[in-house]
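Numbering (our numbering), first residue to last: 78 to 276.
In structure tokens, the structure reads:
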């Protein structure tokens with residue numbers, strides 16, 4: 078495995094891991110979030126649902142855009158947006174701002190997730206590709222399993238805002254590595270985006 082390939086695998090797995098941690102990590106912090114922001118649990122559930130809905134609803138659209146506009150470009154944009162949204166969540170003064178930040182996190186997560194496999198597939202071939210996809214798959218499984226534990230530990234130790242501060246730190250750390258080592262690729266013959274269908 079070449080030097081650039083190692084960095085590609087690392088940054089793609091880190092980004093995928095942090096976005097999938099966010100599916101479950103904030104759920105254990107909802108009581109603390111509701112108490113801090115003065116919101117009922119029914120409102121706070123949108124902190125989780127807003128993220129998951131935005132991620133799931135736009136995943137295919139994000140993949141098409143990555144094919145058309147470039148996987149590296151979209152991945153970098155997704156990292157920057159995820160970092161910015163995470164900062165917004167960490168500093169949210171109200172439930173509405175937090176839910177909006179989570180929705181933006183979900184949109185950015187869709188971009189990252191849809192680009193990640195394409196970035197690995199273009200850099201790895203044969204047995205190396207199988208190994209890279211195995212590492213990526215293990216990252217996905219670990220993120221889902223560790224998410225609630227991470228959310229609970231951070232909330233207990235540093236407060237619920239630490240969950241989103243860590244998100245921002247990881248995304249910002251990945252940005253320069255991704256900008257330096259990821260290669261651009263496109264699929265210009267991809268189908269155009271079905272915006273009505275997405276809506």
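Note that CB positions come from ideal geometry on N, CA and C, so glycine has one too.
Simplified DSSP assignment, three categories, for residue i
i: residue 128; result: helix
i: residue 112; result: helix
i: residue 206; result: helix
i: residue 270; result: coil
i: residue 187; result: helix
i: residue 260; result: coil
i: residue 276; result: coil
i: residue 84; result: helix
i: residue 235; result: helix
Buried versus exposed, by CB contacts within 10 Å (16 or more), residue i
i: residue 138; result: buried
i: residue 171; result: exposed
i: residue 273; result: exposed
i: residue 192; result: buried
i: residue 200; result: buried
Close beta carbons around residue i, own chain, < 6 angstroms, minus the five adjacent residues each side
i: residue 186; result: 96 and 132
i: residue 136; result: 187 and 191
Validate contact between the segment 212-232 and the segment 146-156 using beta carbons, cut 8 angstroms, 3 pairs:
no
Report yes or no: do the segment 134-148 and the segment 110-125 share at least 3 C-beta pairs separated by less than 8 angstroms?
no
Tell me, please, whether the segment 101-120 touches the segment 217-237 by the rule of three or more beta-carbon pairs shorter than 8 angstroms.
yes
Can you list, in chain order, the stretches of the alpha helix (DSSP H) that have 4 or more residues and sit fully within the segment 118-174?
Taking only runs of at least 4 residues, the alpha helix (DSSP H) segments lying wholly in the segment 118-174 are 118-146 and 148-167.
Pairing CB atoms from the segment 239-259 with CB atoms from the segment 159-166, are three or more of them under 8 angstroms?
yes
Check whether the segment 81-92 and the segment 257-268 touch, using three or more Cβ-Cβ pairs below 8 angstroms as the test.
yes
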